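Everything on this sheet refers to the single structure shown next.
Numbering (our numbering), first residue to last: 1084 to 1368.
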């Protein structure tokens, strides 16, 4: 992703020797490392993060109730999820039987309330961009747009690195459902661990309004993070989302949804249809 900032495509470190973009990639990588050294030595940026591990159960097939405590009597918020509606091909099973692949929803990875299973979900928010404005202004005042963009791209990578680090701590210690996990950097990049951490805007959860609930529960203002009216995060170098621990949880794309799911979402949320249409616009068929 660091190289994609500069429209340079390819896996690291192979991109540095790519016959087409290798020279440009090596140059921006070297300059990025030099600026990163300044950021670290000068303590230009502050990184903060917060997580919560809370009781949760799925309800109404497609929604997740997140509870305030172990009594599970008070709902902190309900996460209204989207379900795939595309027609999937039938595949052959192990014994030659035909299997219809299901349309997936994030609520599938949380135990139904009716099951009596006490399940959980995680919330997180991290930033590595606190204090960046001073240095952005310094570069912009010097008409050095390149360095300003380079700094922003480094802050973005640091925020993602903090998200990765916290998720590892969650899996191995704080939640502890994968205490014996030992993965190389390559395996981490390939997301070979158990569980997922989708963020609002991901293909599996493309709708952004849940950020308001996540930020409220996590009290993100205490770590210097907040949302704009359009649900954009500030500082810009930030990541927020949810932790799912189910061993079969995986990323997927919701894709286009029909009018029936739109109307159902309006009813479930008790929201104005025009607002819901605006929130779900990219997914409406």
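Where is the CB? At the ideal position from N, CA and C, for every residue including glycine. Remember, predicted model here, so these are calculated numbers, not experimental data.
ask   = Going by beta carbon distance, what residues of the same chain come within less than 7 Å of residue 1255, once the five residues before and after it are set aside?
value = Start at 1 with the first residue of the chain shown, and residue 1255 comes out as number 172. Excluding residues within five positions, the ones whose Cβ falls inside 7 Å are 1261, 1262, 1264.
Close Cβ partners of residue 1236 (< 7 Å) along its chain, the five nearest in sequence each way excluded = Here residue 1236 corresponds to residue number 153 of the chain shown, with the count starting at 1. These residues qualify, in order along the chain: 1085, 1088.
ask   = If residue 1320 and residue 1242 are in contact, beta carbons under 8 Å, what's the gap, nearest whole angstrom?
value = Numbered from 1 along the chain shown, position 237 holds the residue referred to as residue 1320. Numbered from 1 along the chain shown, position 159 holds the residue referred to as residue 1242. That belief holds up - the Cβ atoms of residue 1320 and residue 1242 are roughly 4 Å apart, short of 8 Å.
key: Beta-carbon proximity check, residue 1193 vs residue 1232, cutoff 8 Å   = Along the chain shown, one-based indexing puts residue 1193 at 110. Along the chain shown, one-based indexing puts residue 1232 at 149. No.
ask   = In the structure shown, what three-state DSSP assignment does residue 1148 receive?
value = As a first step, residue 1148 is located in the chain shown; it is residue number 65 there, counting from the start. Reduced to three states, the DSSP call for residue 1148 is strand.
ask   = Using DSSP with H/G/I as helix, E/B as strand and the rest coil, what is residue 1116?
value = As a position in the chain shown, residue 1116 is number 33, starting the count at 1. Three-state result, residue 1116: helix.
ask   = From this set, 1159, 1234, 1100, 1331, which residue's C-alpha is nearest residue 1217's C-alpha?
value = As a working mapping, residue 1217 is identified with position 134 in the chain shown. It is 1234 whose Cα lies nearest to the Cα of residue 1217.
task = In the DSSP assignment, find the beta strand (DSSP E) that holds residue 1175 and state where it starts and stops.
result = Walking along the chain shown from the start, residue 1175 turns up at place 92. Note, residue 1175: beta strand (DSSP E), 1173-1175.
query = How should residue 1181 be labelled, buried or exposed, when 16 other C-beta atoms within 10 angstroms of its C-beta is the threshold for buried?
reply = Within the chain shown, numbered from 1, the residue matching residue 1181 stands at position 98. That one is exposed.
task = With DSSP as the reference, please indicate the residues paired to residue 1285 in a beta bridge.
result = In the chain shown, residue 1285 corresponds to position 202, counting from 1. Answer by DSSP bridge pairing, in chain order: 1283, 1288.
ask   = When the Cα atoms are used, what is the spatial distance from residue 1097 to residue 1299?
value = Locating residue 1097 in the chain shown gives position 14, counting from the first residue. Locating residue 1299 in the chain shown gives position 216, counting from the first residue. So the alpha carbons of these two residues sit roughly 42 Å apart.
task = Tell me, to the nearest whole angstrom, how far the beta carbon of residue 1208 is from that of residue 1133; I am working on the premise that it is less than 8 Å.
result = Taking the first residue of the chain shown as 1, we reach residue 1208 at position 125. Taking the first residue of the chain shown as 1, we reach residue 1133 at position 50. The pair is a contact, with the Cβ atoms about 6 Å apart (cut-off 8 Å).
Integer Cβ distance of residue 1348 from residue 1162, believed to fall under 8 Å = Start at 1 with the first residue of the chain shown, and residue 1348 comes out as number 265. Start at 1 with the first residue of the chain shown, and residue 1162 comes out as number 79. Actually they do not touch by this definition, with Cβ atoms about 12 Å apart.
query = Just reading off the beta strand (DSSP E) that residue 1222 is part of, what are its end residues?
reply = Taking the first residue of the chain shown as position 1, residue 1222 is located at position 139. Premise fails: residue 1222 lies in the alpha helix (DSSP H), 1215-1224, not in any beta strand (DSSP E).
message = Cutting at 6 Å between CB atoms, please list the residues of its own chain near residue 1187, excluding the five before and the five after it.
response = Residue mapping note: residue 1187 aligns to position 104 of the chain shown, counting from 1. Contacts found: 1167, 1335.
key: Three or more C-beta pairs below 8 Å linking the region 1273-1287 and the region 1321-1330   = yes
message = Which residues does DSSP list as the beta-bridge partners of residue 1181?
response = Here the question's residue 1181 lines up with position 98 in the chain shown. In DSSP, residue 1181 forms a bridge with 1175.
Cα-Cα separation between residue 1154 and residue 1239, rounded to whole angstroms = In the chain shown, residue 1154 corresponds to position 71, counting from 1. In the chain shown, residue 1239 corresponds to position 156, counting from 1. Going by the C-alpha atoms only, they are around 38 Å apart.
key: Inter-residue Cα distance where the pair is residue 1328 and residue 1246   = On the chain shown, position 245 is the one that residue 1328 refers to. On the chain shown, position 163 is the one that residue 1246 refers to. Taking the straight line joining both Cα atoms gives about 16 Å.
Residues of its chain near residue 1350, where Cβ-Cβ distance is below 8 Å and the 5 sequence neighbours each way are ignored = Walking along the chain shown from the start, residue 1350 turns up at place 267. Result list for residue 1350: empty, nothing under 8 Å.
inquiry  = If distances are taken between C-alpha atoms only, which option among 1366, 1244, 1296 comes closest to residue 1272?
reply    = For this step, residue 1272 is matched to residue 189 along the chain shown. Checked all of 1366, 1244, 1296; the closest Cα to residue 1272 is 1244.
request  = For residue 1359, collect the residues of the same chain with a Cβ closer than 6 Å to its Cβ; drop the 5 residues on either side in sequence, then sort them by chain order.
outcome  = Within the chain shown, residue 1359 is the residue found at index 276, counting from 1. Closer than 6 Å at Cβ, skipping near neighbours: 1348, 1349.
key: DSSP beta-bridge partners of residue 1140   = Here the question's residue 1140 lines up with position 57 in the chain shown. Per DSSP, 1148.
key: Alpha carbon of residue 1340 to alpha carbon of residue 1101, nearest angstrom   = Indexing the chain shown from 1 puts residue 1340 at position 257. Indexing the chain shown from 1 puts residue 1101 at position 18. Rounded to the nearest angstrom, the two C-alpha atoms are 40 Å apart.
query = Rounded C-beta distance between residue 1214 and residue 1127? I'm assuming under 8 Å.
reply = By 1-based counting over the chain shown, the position of residue 1214 is 131. By 1-based counting over the chain shown, the position of residue 1127 is 44. Contact holds; Cβ gap of about 6 Å.
query = Just to confirm, are residue 1306 and residue 1131 a CB contact at a threshold of 8 Å?
reply = For this step, residue 1306 is matched to residue 223 along the chain shown. For this step, residue 1131 is matched to residue 48 along the chain shown. Cβ distance < 8 Å, so residue 1306 and residue 1131 count as in contact.
request  = Please name the residue, chosen from 1201, 1250, 1278, 1353, that lies closest to residue 1156 on a Cα-to-Cα basis.
outcome  = Along the chain shown, read from residue 1 onward, the residue named residue 1156 stands at position 73. It is 1201 whose Cα lies nearest to the Cα of residue 1156.
key: Alpha-carbon to alpha-carbon, residue 1230 and residue 1344   = Taking the first residue of the chain shown as position 1, residue 1344 is located at position 261. Taking the first residue of the chain shown as position 1, residue 1230 is located at position 147. Between residue 1344 and residue 1230, the C-alpha separation is close to 45 Å.
ask   = Relative to the alpha-carbon of residue 1206, which residue among 1357, 1160, 1318 has its alpha-carbon at the smallest distance?
value = For the purposes of this step, residue 1206 is taken as the residue at position 123 of the chain shown. Closest by alpha carbon: 1160.
ask   = The alpha helix (DSSP H) with residue 1244 in it runs from where to where?
value = If you number the chain shown from 1, residue 1244 lands on position 161. That run of the alpha helix (DSSP H) goes 1228-1252.
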